[in-house]
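J.:
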Amino acid sequence: MAQNLVGASETNQTGATNAGAETPDQPFGGLQPSRLIPGFGETPDTAVSPLADIPGLLVDEPAPDNPTVFEVGALNVFYGEFRAVRDVTMSVREREITSFIGPSGCGKSTVLRCFNRMNDLVAGARVEGKLEYFGVDLYSERVNPVEVRRRIGMVFQKPNPFPKSIFDNVAYGPKIAGTKKKSDLEDIVERSLRQAALWDEVKDRLNSSALGMSGGQQQRLCIARAMAVDPEVILMDEPCSALDPIATARIEDLMRQLKDDYTILIVTHNMQQAARVSDATAFFSTEESAAGDRRSGVLVEFDRTDKIFSVPSDERTENYITGRFG
Amino acid sequence: MTDIASTSDSLLSAGGSHARADRIFRLGALASGLVVLIILGLIVVSTSIDAWPAFSELGTDYFFGTTWSPSEGLFGILPLVFGTIVVSAIATVLAVPVSVGIALFVTEVSTKRVGSAVNLTVDLLAAVPSVVFGLWGFYQLVPVFQPVLNSIAGLVSGIPVLRSIFGQSSGVGFMTAGTVLALMITPIVTSVSREVFMTVPHNDRLGALALGATRWEMITGVVLPHSSAGLTGAVLLGLGRAMGETVAVALLIGASPHISANLFGRGEAMPSQIFRSLSEASGTFRASLFGLGVCLFFITVLINMVARRVVAVADRRLKGA
Amino acid sequence: MSETSKVAPHSLEGAEIATRRRIKNSMATLAMACAFLMAATPLLLMSLTVVVKGIGVVVSADWWSQPIPGDVGRVDLAGNTTMCDLGFGDPATCAGQGGITTTVKGMQPAIVGTLLTVVGASMLAVPLGVMGAVYLNEYGKSGRIARTVRFMTEVMVGVPSVVMGVFIYSIWVVKFGTAGKSAFAASLALACLMLPIIVRSTEEMLRLVPDSLREASAALGTRTWLTTIKVVVPAAIAGIVSGCLLAVARAAGETAPVVFTIGFVTTTNWSFSGQNTTLSAQIYSQLQNGGNVATQLAWGSAVTLVLIVLVLTLSARFVTRRFALG
C-alpha cells in the first residue's frame, strides 16, 4: 500500500521540486494516506491516480502540484467592530512549508489562528470569508472546532509545556483522544519525540519535569506534543522567536524533515528563516483603517518563496525584503 | 487510518460524549457559582421570615425603642445598635493607625526579610480564633484594664465632658472589647492597606526621593495621597469585620444593653446578644433576635459593598492613570 | 572647596532644616516599627499565656481520649462541699484535706466534633467553591453572571459568621427542633462561611495560570472542561489547596455559627447526626462555667484549637512555597 502511494505520488510529480527526492525515504507516508487526497485511502489499489481527475491541479501550474489543503478567499478577521485583517486570499498546498512574514501588528498571527479556529477562544473575535480545509468550510456551523484543532496542530511563540513530566506532556493529547493502553502511549511518545529529534536527549528522563528543559528542548517538546495527536497540518506561530540561534537551526532542520509528512504554516519575524525553510510565502503589511486610528493588516502578496524574495511583484514587498521598511 | 472523507465527516460531527461532558461540566460549574447567590438570597428570606413577628408586632418600637429588656418584653434594638457602633468605632480608631503603620513599615521601610517576618506575624494574628482572643482578654486583659481605666477616669473626673465619657469601669465594657477587637481587625486592615500601598507606582516614589525628600516626606507626599481611596476601603472593611465579630465581644462587653456615654462602662452589641440568647429564646424574643441578624446582615453587606466599590474604583483609577 | 566654605552660613541653615527633617523621618520610622510591636506584643503575650495555662492538661493522654467532665458547671453553681473532689477550690487546701486536686480532664468529644464539623464543611464547600471559581475564571469570565457572582462572593466574605449561624438555625434548627442540632448542621453553617473564601482564593490562583497552557491544550483538540481538569487545575493546585487550608483553619476556629447549631455533649459522638460539641464551643461554655477545672478545660481547649489552626495555617504557607507554580 505504501508502495502504491509512493508510486501514485511520483507519477504526479510533473514538476521537479524537491518532492521526488523526498518520497523514497519518506518514513510515514504510507501510514498517512489522509495527507494525500480525498477518497484516496479508500481505493488504494486503483491504478489510475485520482489526481488526474481533479481539474486545475495538473495543468500548467509551474512548480507545485501538491493538492491544496487550505483555500482562503477574502478572509476578514474582526475583533468586535475593529477589522484586524482584511481580504486574505491564498491557497496552501500539502506537504509544503508556507510562511507568513511582515512587520509586527500586520495580523499574520491572527490569520494563522484562523486555520485551527483558535480565534474562537478570543472573546469578540469574528471571522468572515472563505476558509476551506480540503473543501470543507472550517467556519461552517456544523464544523466542530475541537476536532479541527486535533487535526490541525499548533506550536506557539513561547514554548508552553505543561507543568508535567516530559512523557505526560507528549501523552496528553493521545490520552484526551482516548488512547488508554500504556504500551500504545509509550509507542506514540517515542515516535513523536523521535520525529521532533528530541528522543535521544530525553529518553532517560521521560518522567522528569518538562520545565527543567532548555528553551529549545521545550519548543521541540511542544512540537512533539503537537505531533502526538497525529495532526494533518502544523501551525507554528513564531516558533523560534524565543530561542537562541543554535536551537533555531535545530528547529529549522526539524521543519524540513517534517515537511515530508506534514503541511506546515509558519509565522516568522525572520525573513531569512522564511527564505531558508519555506516553499511559499505570504507577505502581510499594515494599513491605516478607515477610521484612521488603528492599523489593520492586509495580505500584500502571496507567491512561491523564491519569487517573493527574488522578483516580488509588489513594491511594498520589495521595500520590506530589502529592508527599506519594517 | 483516516482519510479525507472521514476527516470531513468528523469535522462536522457534533463532538459526541465530550461535547456533552463539556456542557454538563459547564452547568455544574455555573450551578456552583450560583450557590453563592442562592445562599445570600436564602439568608435574607429565611431570617426575615423568622424575624417578621418582631418587625410587624413591634414596628417602630423595635427599630427605635431605647430599651432592650427581654424579661420585660421590651425589644428596642437601639441600645444594641449603639453598642455595636461604639465598640467597632473604638476598634477602628485604634486599629487603623497601627495597621497603616505596619503596612507602611512593610512596603516602604523594612527589608524583604524583615517584611516577610512581619507579614507572617500579622497572618498568625489573623489565624487566632475569636474565642481565644475572648478567653485571653477575659482572664488576662480585664484585670489589667480595670485599674488602668479607673485611674484614667479618676484623672478626668473634674472635667465636665470627659468625666461622662471616661467613667468608672468594672473591667469589661466598650473599651475592653474595642481594644481586643482592634487587635482582631488589625490583620485585615493591614493586608488591604499593604495591597493599596503596593499599587503606588514605583517611579512616583523615586521621583519624590530624587527631589531630595526624606522617606517620610515621600510617604506623606506621594504614597498616602495616592492611597486615600484605597485606605478608605480598608477602613470600611475593618469596620465591617468589627461589627460582625461575636464571641470575643460577647465575653468582654459586659452584657448590659443600655445607651450610655461612658466608654469605659458595660454595654451590649448586636452579635453578642444574638450569640448569648438565640438558643434559649422563643416567641417574640427569638423573632427579635432574628431581626437583629437581618439588620446585622444588611449593615455589614452595605459596608462591604461600599468598601469593595471604593477599593475597586481607586484601583481602576490608579491603573488607568 | 574654598568656594563652598564662603557660602557656609547658607549651608549651615540648610543643615539645620535637614536635621529637623531627618529627626521627623526617624520618628516616623520608629512609629511604624512601634505599630508592629503594638500588634506583635499582644500576640506574643497571648500565645505564651495560652500555652503556659493550657499545656499541662493537653500533654496527658487523657485529654485526647477521655470524655469531658460533664458536671463541673452544675457543681460550680451548687457550690457544694465536694469541690475539692472535683478540682475546685484552693489546691493547697485540697491537698491538705487529701482531696483530689486534678480530676480526669478529657476533651475527646470536642476534638472529634471539631474534626467532624470541619471535614463535613470542607466536603460541602471545597467542591462547590472550586467549581464556582472554575466557572468564574474559565467560563463566565467577564460576563454579567460571572461579574455578579464575583461581586456577591466578595460581599459574602464580609457577612459575619454569626449571621451564618442564625441562617442555619433558621432553616435547620427552627424546622427540625433540637433534634436538628448536629455536627451536620454546624458543617452547613461553616460551609457557608468557607464557600466565598474558597471561591475567591481559587479564582485568584486560576487567574495565575498562564493562558498559554490553555491555548496549548486547546490546540491539541481538548475541550474546556478537560483542559480545566487536566491542565489548569493541576497547574494551580498548590494555591488552591493552600487557600482551602486557610478556609478550613478559619472554620475550625469559629464559635458563633457552631454554638447555635451543634448542641452540647460530654461524650464522644462520631456521627454527623445527634448533638455534638467543638473545641471553640467548649472554650466558651467552660469559661461560662468558671471554676478551676472548667478554666483549665478552657485553656486546654484553646491550646488544642490554636495548635490545629496553626498547623493548618503553616501547612498552607508550606504548600504554597513548596509547590509554587512553575
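Read top to bottom, the protein sequences are chains A, B and C. Counting in our numbering, the first sequence runs without a single skipped number right up to 326 at its last residue. Counting in our numbering, the second sequence runs without a single skipped number right up to 647 at its last residue. Counting in our numbering, the third sequence runs without a single skipped number right up to 973 at its last residue. A virtual CB, placed ideally from N, CA and C, is assigned to each residue, including glycine.
#1: For B:Asn-588 and B:Val-522, I'd like the C-alpha separation in whole angstroms.
#2: With DSSP run on the structure shown, which of helix, strand or coil describes A:Asn-66?
#3: When you compare the CB of C:Ser-918 with every CB in chain A, is at least one pair closer than 9 Å?
#4: Residues of chain A with CB under 9 Å from C:Gly-787, in chain order?
#5: Quick one, which residues of the segment 922 to 933 of chain C are near chain A if we go by CB-CB under 7 Å, in chain order?
#6: Would you call A:Gly-67 buried or exposed, if buried means 16 or more other Cβ atoms sit within 10 Å of its Cβ?
#7: Grab me the residues of C:Val-878's own chain with a C-beta within less than 6 Å of its C-beta, minus the 5 sequence neighbours each way, in chain order.
#8: Counting pairs of beta carbons, one from the segment 489 to 508 of chain B and one from the segment 385 to 399 of chain B, are three or more of them closer than 8 Å?
#9: Quick one: residues in its chain with C-beta nearer than 6 Å to the C-beta of C:Val-810, no 5 flanking neighbours on either side, listed in chain order?
#10: Check whether the segment 411 to 427 of chain B and the segment 892 to 906 of chain C are in contact - that is, three or more C-beta pairs closer than 8 Å.
#11: Excluding five sequence neighbours on each side, which residues of the same chain lie with their C-beta closer than 7 Å to the C-beta of A:Gly-73?
#12: Determine the contact status of B:Leu-509 and C:Ala-686, defining contact as a CB-CB distance below 9 Å.
#13: Tell me whether C:Pro-807 is buried or exposed, calling it buried when 16 or more other Cβ atoms sit within 10 Å of its Cβ.
#14: Would you report the Cα separation of A:Glu-71 and A:Phe-78, rounded to the nearest angstrom?
#15: From the beta carbon of C:Thr-666, is the nearest beta carbon of chain B less than 9 Å away?
#16: Helix, strand or coil: which one does DSSP assign to A:Met-213?
#17: In the segment 153 to 228 of chain A, which residue ranges form an unbroken beta strand (DSSP E) of at least 3 residues, counting only runs that do not cross its ends?
#18: So that I know if they touch, is there some Cβ in chain A lying closer than 9 Å to that of C:Glu-851?
#19: Give me the residue from C:Leu-959, C:Arg-969, C:Thr-960 and C:Leu-954 with the minimum Cα distance to C:Gly-701.
#20: CB A:Phe-309 to CB A:Ala-275, shorter than 9 Å?
#21: Using 8 Å as the threshold, is the segment 355 to 375 of chain B in touch with the segment 774 to 786 of chain C, meaning 3 or more CB pairs across them?
#22: Do A:Met-213 and A:Ile-166 have their C-beta atoms closer together than 9 Å?
#23: Could you please give the first and the last residue of the uninterrupted alpha helix (DSSP H) stretch that includes C:Ser-859?
#24: Excluding the 5 residues preceding and the 5 following B:Ala-595 in the sequence, name in chain order all residues of the same chain whose CB lies nearer than 7 Å to its CB.
#25: Between the segment 492 to 501 of chain B and the segment 535 to 542 of chain B, do at least 3 Cβ pairs fall closer than 8 Å?
#26: Note down, in chain order, each residue of its chain lying with its Cβ closer than 6 Å to the Cβ of A:Val-111, except the 5 sequence neighbours on either side.
#27: Under a CB-based cut-off of 9 Å, is A:Phe-167 close to chain C?
#28: Does any residue of chain B have a CB that is nearer than 9 Å to the CB of C:Pro-843?
#29: Which whole-angstrom value is the C-beta distance of C:Gly-868 and A:Arg-191, which I expect to be below 8 Å?
#30: Using three-state DSSP, classify A:Tyr-79 as helix, strand or coil.
#31: Go ahead and label A:Asn-119 buried or exposed: buried means 16 or more other beta carbons lie within 10 angstroms of its beta carbon, across all protein chains shown.
#32: Could you tell me which residues DSSP pairs with C:Lys-752 in its beta bridges?
#33: Give me the Cα-Cα distance between A:Arg-142 and A:Val-136, rounded to the nearest whole angstrom.
#34: Tell me the DSSP secondary structure of B:Ser-395 in three-state form.
#35: Just the Cα atoms here: how many angstroms apart are B:Phe-464 and B:Ala-347?
#36: Would a check of beta-carbon distances place C:Pro-901 closer than 9 Å to chain A?
T.: Inspection of the coordinates gives the following:
#1: 36 Å
#2: coil
#3: no
#4: Neighbours of C:Gly-787 on chain A: none; closest Cβ ~11 Å, over 9 Å.
#5: none
#6: It should be pointed out that residue 67 of chain A corresponds to Pro in this sequence rather than to Gly. Per the 10 Å Cβ criterion, buried.
#7: Leu-860 and Ser-864
#8: no
#9: none
#10: no
#11: Thr-89, Gly-129 and Lys-130
#12: yes
#13: buried
#14: 20 Å
#15: no
#16: coil
#17: none
#18: no
#19: C:Leu-954
#20: yes
#21: yes
#22: yes
#23: 858 to 866
#24: Leu-406, Gly-409, Thr-410, Val-413, Val-575 and Ile-579
#25: no
#26: Val-85 and Val-88
#27: no
#28: yes
#29: 18 Å between Cβ atoms; not a contact.
#30: strand
#31: buried
#32: Partner(s): none; C:Lys-752 has no beta bridge.
#33: 10 Å
#34: strand
#35: 56 Å
#36: The sequence as given places Glu at residue 901 of chain C; Pro does not occur at that position. It does not; no Cβ of chain A falls within 9 Å.
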